[in-house]
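To keep things clear, I will list the structure first and then write my remarks on it.
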Amino acid sequence: MTGSPLPSAGFVLLDTRSLNRIVDIDAVDGLVHVQAGVLGSDLEEALQAEGLTTWFSPQSLDRSTVGGWVATRASGQFSSRWGGIEDAVVCLTVVLANGAIVRVGTPPRGAVGPDLRSLFIGSEGALGVITEVTLRVYPLSPVALSTFALKDIPSGLEVIRRLMQSGVSPALLRLYDKDEAYHLQAPSPGSAPILIAGFAGQEEIAAAEQRVARRLLVDAEAEDLGPDAAEAWFKNRYDFSRLEALLDKPGGYAETIEVAFGWRRAHGSYLELKEALRPRSDEVLGHFSHAYSDGISCYLIATGELDTDPAALERLEQIWRVTMETALACGAVISHHHGVGTARLPYLARQLGGGYDILTTLKHALDPRQLCHPGSLVDPEGQGKPPCGL
Ligand SMILES: Cc1cc2nc3c(=O)[nH]c(=O)nc-3n(C[C@H](O)[C@H](O)[C@H](O)COP(=O)(O)OP(=O)(O)OC[C@H]3O[C@@H](n4cnc5c(N)ncnc54)[C@H](O)[C@@H]3O)c2cc1C
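Residue numbers for the sequence shown follow this note's numbering, beginning at 18 and rising by one.
Below you can see the structure in the form of structure tokens.
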């Protein structure tokens, strides 16, 4: 998604796939302890056999590892209720550049200085190698799904804002603009934005939450389309084949870029991003799929076909440039869950301000010889040198 696992020439590529043991499932404390190379789908299979789940479900579940989730600060489809990976990680073990093996995290909560887990959640390999992770687990339950056609995007965003600020915690909230809804509802698409909502957990609470959501949606003049489109999405939610088929064609391109905004700017910023991408793509699809009391993520998919692969690559560079510049100008967060990688590195210092100096100082302190993923998170030109002013 961002180029973050790509090695530079002359460096060693570390493969974590043999760190594949699920060490312990503790249903009493609600924890699972795993090695970092465990694949998401293997973890879920083992947990679900015991009636448990992490409720952490990125679209890449069957092709990404627990360590990768932590390293990229990933988020899953049920984040509106169970949060991002930062809410799931209880402890983690990291091998630092000097060979020290350190376990950080004080479950269930600690007031013993800053939370050191945060240093490694989103560190993209730059501060050490994550080898073990303890995650929270919960009882597995069915997800009750509904689909609604919305009058427009602002009314859909307003319903989600009101839900998230009222203490209702839907497991799933996905608002698709009409361009993406068209593909989602194929072969019989409508022409309106649609909202997929899902409620899970304790049955009586989930039913009550569903009633509140329905009331807000009726007030917003949304039309209940029944569960079919939502259930079809749920069944195919790890399928990326439409975009993969396009990428396989010479000159075919598909880029997915996610950002996040506060509520006040959400609709205007979404419109600006779509407008910026439209001249550079055959199609620009958009959805909002991770909601908070103070804002929401926005996921844009720009696709097209050019004559050759080099032309497509140049177009992708333009797409990244225009999206990042527009997002920064709108005051958005430039990544909601895919991380920084090489694609966003040129924009990171502008996003973080003085925080980028802290990051560079931490890199220098923990990895003075630049052994851990050189070029990741910290600009290689500045590596090894403490930044000015710190
Ligand atoms: C089809 C598709 C759908 C996706 N859907 C989602 C989604 O819904 N939500 C989401 O958040 N992301 C999604 N992603 C992005 C990606 O899958 C996630 O970011 C995932 O967390 C990466 O895990 P990975 O094991 O593949 O890591 P990699 O891609 O191999 O590595 C990613 C980065 O993490 C570092 N890293 C990996 N493992 C470790 C470790 N053990 N210790 C230290 N550093 C490490 C690497 O150095 C690299 O910088 C998707 C990707 C694809 C291709």
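Positions of the beta carbon are idealized from the N, C-alpha and C atoms, including for glycine.
Proximity of residue i and residue j at Cβ, strictly below 8 Å
i: E238; j: K291; result: no
i: A217; j: E141; result: no
i: P206; j: D194; result: no
i: Q65; j: L157; result: yes
i: G320; j: Y270; result: Here residue 320 turns out to be Thr, not Gly, going by the sequence shown. Yes.
i: A166; j: L242; result: yes
i: G116; j: G84; result: no
i: L294; j: T340; result: yes
i: Q274; j: W250; result: According to the sequence provided, residue 274 is Ile. The question's Gln does not apply to it. No, the Cβ-Cβ distance between I274 and W250 is not below 8 Å.
i: E226; j: S172; result: no
i: L133; j: V150; result: no
i: L302; j: H390; result: no
i: V119; j: V111; result: yes
i: L36; j: Q52; result: yes
i: G127; j: T359; result: no
i: L174; j: A283; result: yes
i: S393; j: M181; result: no
i: S286; j: A349; result: yes
i: G215; j: A246; result: no
i: W337; j: I313; result: no
Status (buried if at least 16 other CB within 10 Å, exposed otherwise) for residue i
i: F17; result: What the structure shows of the chain is the stretch from 18 to 407, and residue 17 is not part of that stretch, so it cannot be assessed.
i: V154; result: buried
i: V107; result: buried
i: H307; result: buried
i: D79; result: exposed
i: R34; result: exposed
i: L192; result: buried
i: P363; result: exposed
i: P24; result: exposed
i: D396; result: exposed
i: A346; result: exposed
i: E220; result: exposed
i: K380; result: buried
i: G356; result: buried
i: V31; result: The question names Val, but residue 31 in the sequence shown is Leu. Label assigned to L31: exposed.
i: R71; result: The question names Arg, but residue 71 in the sequence shown is Thr. It counts as buried.
i: A44; result: exposed
i: G406; result: The pLDDT assigned to G406 is 40, lower than 50, so where the model puts this residue is not dependable; a value taken from the coordinates is nonetheless given after this. It is exposed - the Cβ of G406 has fewer than 16 other Cβ atoms within 10 Å.
i: R178; result: buried
i: Q202; result: buried
i: D384; result: buried
i: E67; result: exposed
i: K402; result: Confidence at K402 is low in this model, with a pLDDT of 45, below 50, so its placement is unreliable and the value that follows should be read with caution. Result: exposed.
i: Q94; result: buried
i: E331; result: exposed
i: E261; result: exposed
i: V49; result: buried
Residue i CB to nearest heavy atom of ligand 1 below 7 Å
i: A217; result: no
i: E141; result: yes
i: G257; result: First, the amino acid is wrong: residue 257 is Phe here, not Gly. Under cutoff, so the answer is yes.
i: H50; result: no
i: V146; result: yes
i: A53; result: yes
i: A91; result: yes
i: A128; result: no
i: T325; result: no
i: S81; result: yes
i: H355; result: yes
i: G100; result: no
i: Q76; result: yes
i: T33; result: yes
i: W337; result: no
i: P397; result: no
i: S393; result: yes
i: P22; result: yes
i: H390; result: yes
i: W1; result: Since the displayed the chain opens at 18 and closes at 407, residue 1 lies outside it and no answer follows.
i: A319; result: no
i: A88; result: yes
i: G85; result: yes
i: M18; result: yes
Ligand 3 heavy atom lying under 7 Å from the CB of residue i
i: M181; result: No copy of ligand 3 occurs in the structure displayed; its ligands are ligand 1 alone.
Presumed contact (8 Å Cβ cut-off) between residue i and residue j, rounded CB distance
i: I102; j: I138; result: 6 Å
i: F278; j: Q76; result: Not confirmed; about 21 Å, so no contact.
i: V276; j: S352; result: 7 Å
i: P296; j: S163; result: Contact flag wrong, Cβ pair sits at about 36 Å.
i: S96; j: G57; result: With 8 Å as the limit, S96 and G57 do not qualify as a contact, their Cβ atoms being about 14 Å apart.
i: H304; j: A91; result: That belief does not hold up - the Cβ atoms of H304 and A91 are roughly 17 Å apart, past 8 Å.
CB contact below 8 Å: residue i versus chain D
i: T110; result: Chain labels in this structure do not include chain D; a single protein chain is all it has.
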